[in-house]
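Beneath this line is the structure, given in structure tokens, with notes to follow.
2 protein chains.
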Amino acid sequence: MTSDGAAPTTPNEDELALREPLVGGATAIESGYDSDVDVPADASASVPEARREEEPTTPATPPRRVNFRGFTARTQSLYLGTERTLSTQTTDSGAPEDAVESLDFADVDSHWARRARGRGVFSKVSAKWIVAAFIGVGVGTIAFLIDVSVLYAYRGRGKLFEVCRRRVHLALAMFAYGGVGVALAAIAGALTTYVAPRAKGAGVHYVMAMLNGIYIPKAFDASTLWVKAVATIAAVSSGLMIGPEGPLVHVGAAIAMQFTHGASSGMADLFQSDLDRSDFISAGAAAGIAAAFGAPIGGVLFSLEEASTFWRESTTRRALFSASIATFVLALARAVFLEGSAASEHTQMKNPGLLRVGDFDSTYFLIELPFYAALAGTCGVISGIVTKSIIFVSTNYTPQRNERRLAQVVLVSLACVVMFFGVAAAGKCVTETPGEVSRWSEASIRLWCAEGEYADLGSILLGNKNDVIAWVLGSPAKAHTLHALLLSFATTLISLIMAANLFVPAGLFMPTILWGSLLGRAAAIVVEHSLSPLGDLRVNPHAYALVGATAALAGTFRATISVVIIVLEGVGKSAFLFPLLIAVAGANLASRLFGASLYEEQLVRSKIPFLHAKPPKALLDDSITAFDVCARDVVAFKAIEKVSAIEEALAQTTHNGFPILSAKGKRVIGVILRKQLLVLLSRRAFVENLVHAPVLNSSAMEEGHDDDSSSIIARLGLTDVERERRCDLGVFMALSPASIAADARARDAYVLFTRLSLRHLCVVDAATGAIRGIITRHDLFDAAESVDRSLHHSVSSSSILL
Amino acid sequence: MTSDGAAPTTPNEDELALREPLVGGATAIESGYDSDVDVPADASASVPEARREEEPTTPATPPRRVNFRGFTARTQSLYLGTERTLSTQTTDSGAPEDAVESLDFADVDSHWARRARGRGVFSKVSAKWIVAAFIGVGVGTIAFLIDVSVLYAYRGRGKLFEVCRRRVHLALAMFAYGGVGVALAAIAGALTTYVAPRAKGAGVHYVMAMLNGIYIPKAFDASTLWVKAVATIAAVSSGLMIGPEGPLVHVGAAIAMQFTHGASSGMADLFQSDLDRSDFISAGAAAGIAAAFGAPIGGVLFSLEEASTFWRESTTRRALFSASIATFVLALARAVFLEGSAASEHTQMKNPGLLRVGDFDSTYFLIELPFYAALAGTCGVISGIVTKSIIFVSTNYTPQRNERRLAQVVLVSLACVVMFFGVAAAGKCVTETPGEVSRWSEASIRLWCAEGEYADLGSILLGNKNDVIAWVLGSPAKAHTLHALLLSFATTLISLIMAANLFVPAGLFMPTILWGSLLGRAAAIVVEHSLSPLGDLRVNPHAYALVGATAALAGTFRATISVVIIVLEGVGKSAFLFPLLIAVAGANLASRLFGASLYEEQLVRSKIPFLHAKPPKALLDDSITAFDVCARDVVAFKAIEKVSAIEEALAQTTHNGFPILSAKGKRVIGVILRKQLLVLLSRRAFVENLVHAPVLNSSAMEEGHDDDSSSIIARLGLTDVERERRCDLGVFMALSPASIAADARARDAYVLFTRLSLRHLCVVDAATGAIRGIITRHDLFDAAESVDRSLHHSVSSSSILL
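If you're matching them up, the sequences are chains A and B in order.
The opening position of the first sequence corresponds to residue 1 in the UniProt record's numbering, with each subsequent residue numbered one higher.
The opening position of the second sequence corresponds to residue 1 in the UniProt record's numbering, with each subsequent residue numbered one higher.
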């Protein structure tokens, strides 16, 4: 049955460890394997989509010579993704999601690594803290740049409007105001479309995917970083209904990524492992949220609750460090440059984030708690509908060609600004209360109103979002009419849904907070009115606004603890603890009726094989075994394998890992990665060479090549003589790979895979130990997806409660 | 080599699943196994201490008849621990720590379970939320009872002092005051010593152990619960330098435990698995901290950061639910019963916890941040010294006999009260500021002072800790002299170290916060004095007090995020975010020079085999393999095993799990638990009976007996005829047990074991798959401990930074 072939003298591991000169060994690749497992007719279907789809595209790429010996330079370009995605660049949504690949969180424990290891652990740990500090400083600085640019953009536009209106005509003023906005949006759109398509949207789902162990090309490289930063400034300044918070998370992660593979940083050598990278990305994401909301702990908890799948205690501490520094840098920069106070001066740094809320009354009645719950439930329902709408728009109205994408940005931003002016015209001019003017000066927008007045709807829709939110949360009780609140609420929702899917960097935190607080203020008026027969009960409108905003956030992003802490830290009102807890609970309960959270929907839509910590419902059926979900087209090697066999396997499959089998019994004794094999072949690390001249160093082995384009094989330039040589894979393979019995439950395989952050899980026969298949991320993801989409939805949503 | 014996017709799993009438099968227990692995001379040393030490004690217990068919009642008494620890009750420290045992977090996936399963999942989930609500209500109620009892105890004692002083003499007043305190301490001591020794101390380390997967007898049963609640009231009221916060965590966990095995609750059937139990214990612990500090999110984060090892998203949400309810119940009860406001009235519930802090100035200068860091570092150093001192006292001055323990409680409380009065006499009488009297009325204690005055040191040392801490944190700038602060700081430290190890329930949060804030206030005076040459800089003493308190907490308990959130939620001063972050970082950095945290030291001292998520340093050496750390005296069965063999194995070993081996090749095909075997034998579930009358139901199989006393075997009353029968273990064994190659790194085995929450990890030969050993919690713990204690310390402490 097995093609054991010529020489049965394959040595066992102990002999391999001794590195005696090895002769003989197995000669044939174990591809005759499939014959003894019953491969179903549609066996090829078990090969993940991504693997098969890539193959046809690669021959189009002309074979270029790659210097396999320049490993640092090559690995770098690999992680920067400059090479791999050239051919798939212009596919759907500018982001070739199919090219995703798993990361290797586990370090390779091979005989070779055991001998070669011993780099300084202490210096690495210190360096990690230094890098965490740099990430914090970087994120804080970029957050400040965004903050100050958007501030001056709004101020300048306001002045332009004022000058035009006074000197020429209102129509020209509106035209100029709108024109600047459209131009800014066009700049953001052009940068995103033509330079870095991965900078589109919030980008939080890329961070989630990376932390889940999925490599997404170009998502975190330098060009995406600068485009995201610059285009975020332009897009937020343009007046589109978007915010900079989500993009800051992406920026934080991208900054973190620069430190782990930067050409000039010299850090690259220290942090080669994917686990280190994920550590820094957690810290960067935490720093992003921390700077956005002035909430370092909230940022860490967001990174923990929303973005991360695997989390270590050390990650928490380093993320908190980065987040604190980012918040501090932003607060200090604001204090020094914007508020003009020197560092030694008295400063509270009370609301150090981008979102600043004034001080307001923090009392409420216990009897109001049910109203808070009802408001939270309503916000949850609306969040669910908004999420569904965004996904609907994204599914049906995403242009495929670049010029159309840019045109969409221009048209939508034009439509929005026309809508804003139109709705503003439906509003009233309100006299400014003298004491209040200074507090909300940036928020109140005069438009066509008389001196000393401002447009109530115009101020909400056309103002700088930071100031508008502070105004809606903190303005005095009678500042807004129900009519203005409901009208601006509806307009905000519509413009949010229109803007969410444009090809610009777009965060939804800000607009979500805005519509939530608008609805909350409206609810406060309704509650006060309906309670008035009961006596003179003065409800606190700020509490309703805060509950509405928190519920909207919780409903859209499905976070619990992190949202409450972000709001508590950002607003500084711990007296509102119970209302906020009710807001989060109500919104989560209500919104889950409408399916998964926005990020989860984005992951699904982007076809990112994201594995949740909890097994999906499809795998909870005990009758589904590990064998049912595994890929059965296993290509395996022997410990001593012929070069031609390795080359053939590399060329004919796109597998990233190959099990090494024992000569007898086909037991898995190790797993070797594609990138390891490519390094071995490119360095001509044959048994014969290796014994005489051990040319390899361990770090080269641990990084290595990850490209699965088969043209790489051709570039190896193996001669026929070399093809007859053999490689001692037993020395380099990862020892004791994870395995599971074929008749074990699929859910157990899922748990094993996710808890241990595996990339390959061998499925073996319980009785004999022979290999029967391999489970990868794609297999588990496909198995989970094999139930229909609606069922999948109920799984995602029910995971909120279970 | 193998004793395959008579009939080699052992069926494979598929046949077992079909449950055809089985005849033949293996006849001999595979104890001849050890012969083909090279057992070293000291092989018996690899049997964990606990297993061996228990055996000699059991013959002392007279064989009692246990009704094996009354499973509910029996399991209950098992988990209540009434039976198991009778014989070991009076050993060291009243707590037979050796009797600890691992929990089964994994559900048993056997052929039997696959067919029998299908209980309603939905109802279970709903019931979990209801139980979480009850846990919250229970913890909130007990927290309120503690709060109100302590309040009235202090008030009553104060009145008694006042009456005696005025009517008779100061000496009698002091005598009466001290006498009541000593009597209360004696009550707490007597209850703890004679009724529930596990109620001693904070009990947080029991919660940590339980959540780590270690069952500690009697730690969470009903008697411990009520003793802990009552004795905490008595002990805190007695005036000892202890607080109720830690005990509330233990109480919360114990309340949670009542719901999972309560006789009357009817819930017991729903929540049989150890995983469910750990879920509720997390929620209970979170609710305890939440009620103590009025910090629901802080409670959840404390439970996550400090107490838990394994954590699921669903646990977070349920714990937050319990914690919110507990906080709300306490706040509502206080509002209604203590502050006299009806529920409909206007209430802020601003500081809803036991610890209440008034409103105070929240400004600080940026230039002060270095001083905060220095203060935090000092607090960290002191925390480290305090921890070491407590451990020293506990190691050297723990009486073994009950009467001595009680005497220690009486003498120490007497010494403390004498010391407090003595130090108070060294203080001054201070005139009360009229406006301040009402705010700190409970804190200011008059003693021998004139009307309208209070004793400065006496108030700090003899007052109700809640009020004293609120006073020290919030009192006006000139309220305390440096002399009074330093003297009370020193007295607090000494009395804290004296009281920490008494046989009473004793939490250290309160006294730690007290000394931290006292030192902070003192630091504020010193800083103001030393900065005065630079100009008129008015430092904020409240900020220093808060930083000192936070740093003291962080240094003692080594938490980061949870401490900051607890303080932020409890005090409601988010403006202090940066000082608090500096406090936590500085204290953690400084205190780690002095070894592990207090809880870790308690775990080590209690010999609880706690496994941290991070592999210990001893196992980081790549040359240590899984085989090096495993137990090699494996006793295994065949799928069809003779009853006499099973009985013999149960009687002669204390193993809790037995691998089932394939007939050929000795591959592990399953693992069966001791408790399953006992149920099988007691129900006479032999192959012959089973085929004709399947008497078992699945739930009985899943719980089952956990007692490893060999006298149980005798009580089974097996006849010689029955001993010749066979059991079909293949049907009931857990399929596809976790296994690892013998030459895999020990650290990988550790990670596998902890990440998957295993109880048994089979070590198999990489090449053949034959079993070579088993790794249990004790093996990993012993391997980690085999390096010397000082090295272990540096591991624990370095894990703070790494």
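Heads up, the beta-carbon is just placed ideally off N, CA and C, and yes, glycines get one too.
What you are looking at is a predicted structure, and each value in this text was computed from that prediction instead of being measured.
Thr395 (chain A), enclosing alpha helix (DSSP H) - first and last residue: 369–396
Listed by chain order, chain B residues near residue 805 (chain A) by CB distance under 8 Å: Look at the range of chain A in this structure, 1 to 802, and you will see that residue 805 (chain A) is not part of it.
Nearest residue (CA-CA) to Ile460 (chain A), options A:Ala335, A:Leu486, A:Glu451, A:Glu601: A:Leu486
Cys762 (chain A) (DSSP reduced to helix, strand or coil): strand
Chain A contact for Arg759 (chain B) (CB, 8 Å cutoff): no
Those runs of the alpha helix (DSSP H) which lie wholly inside the stretch 525–582 of chain A and span at least 4 residues: 541–557, 561–571
Alpha carbon of Ala783 (chain B) to alpha carbon of Glu601 (chain B), nearest angstrom: 18 Å
Cutoff 8 Å: Ile624 (chain B) Cβ touching any chain A Cβ: no
Counted within 10 angstroms of its Cβ, other Cβ atoms place Lys478 (chain A) as buried (16 or more) or exposed: exposed
Contacts of Ala744 (chain A) in chain B (Cβ-Cβ under 7 Å): Leu735, Ser736
Nearest residue (CA-CA) to Ala631 (chain A), options A:His655, A:Pro197, A:Gly294: A:His655
Simplified DSSP assignment, three categories, for Glu83 (chain B): Reliability fails at Glu83 (chain B), whose pLDDT of 30 lies under 50, so the model's placement of it is uncertain and no value is given.
Chain-ordered neighbours of Glu641 (chain B) on chain A, where CB pairs are closer than 8 Å: Those do not exist, as Glu641 (chain B) stays about 17 Å from chain A at its closest Cβ, beyond 8 Å.
Interface flag, Val300 (chain A) vs chain B, CB-CB below 8 Å: yes
Local Cβ density within 10 Å of Ile130 (chain A), reported as buried at 16 or more and exposed below that: exposed
According to DSSP, residues forming a beta bridge with Arg667 (chain B): B:Ala770
Whether Leu145 (chain A) touches Ala185 (chain A) by CB criterion (8 Å): no
For Gly294 (chain A), the residue or residues it bridges with in DSSP: Paired residue(s): none; Gly294 (chain A) is not in a bridge.
Range covered by the beta strand (DSSP E) that runs through Ser739 (chain B): 739–741
Whole-angstrom distance between Ala552 (chain A) and Gly586 (chain A), CA atom to CA atom: 10 Å
Proximity test, Cβ basis, 8 Å: Glu30 (chain B) and chain A: Caution is warranted here: a pLDDT of 30 is assigned to Glu30 (chain B), below 50, making its placement in the model unreliable, and the coordinate value is therefore given only provisionally. Judged by the 8 Å Cβ criterion, Glu30 (chain B) is not in contact with chain A.
Closer than 8 Å at the beta carbon, the chain B residues around Pro296 (chain A): Leu577, Leu581
Proximity test, Cβ basis, 8 Å: residue 803 (chain B) and chain A: The structure shown has nothing for residue 803 (chain B), since chain B only spans 1 to 802.
Length of the line joining the Cα atoms of Phe68 (chain B) and Val180 (chain B): In this prediction, Phe68 (chain B) scores a pLDDT of 32, lower than 50, which makes its location untrustworthy; no coordinate-derived value is stated.
Proximity to Ile445 (chain A) [Cα-Cα], best of A:Glu162, A:Phe732, A:Glu785: A:Glu162
Gly769 (chain B): contacting residues in chain A (beta-carbon distance under 9 Å): Gly665, Arg667, Val764, Thr768, Gly769
Cutoff 8 Å: Leu756 (chain A) Cβ touching any chain B Cβ: yes
Helix, strand or coil at Thr719 (chain A) [DSSP, three-state]: coil
Three-way DSSP call (helix, strand, coil) for Asp633 (chain B) in this model: coil
For Thr193 (chain A), the nearest candidate out of A:Gln408, A:Phe293, A:Thr492 (CA to CA): A:Gln408
According to DSSP, residues forming a beta bridge with Lys642 (chain A): A:Arg726
Contacts that Leu553 (chain A) makes with chain B (C-beta to C-beta distance below 9 Å): By Cβ distance, chain B contributes nothing, its closest Cβ being about 15 Å from Leu553 (chain A), past 9 Å.
Burial state of Thr232 (chain A), where buried means 16 or more other Cβ atoms lie within 10 Å: buried
Inter-stretch contact (C-beta, 8 Å, three-pair minimum) for the stretch 188–208 of chain A and the stretch 493–509 of chain A: yes
Candidates B:Pro659, B:Phe610, B:Leu680, B:Lys664, of which the one nearest Ser644 (chain B) by Cα: B:Leu680
Cross-chain neighbours of Ser662 (chain B) in chain A, by beta carbon under 7 Å: Ala767
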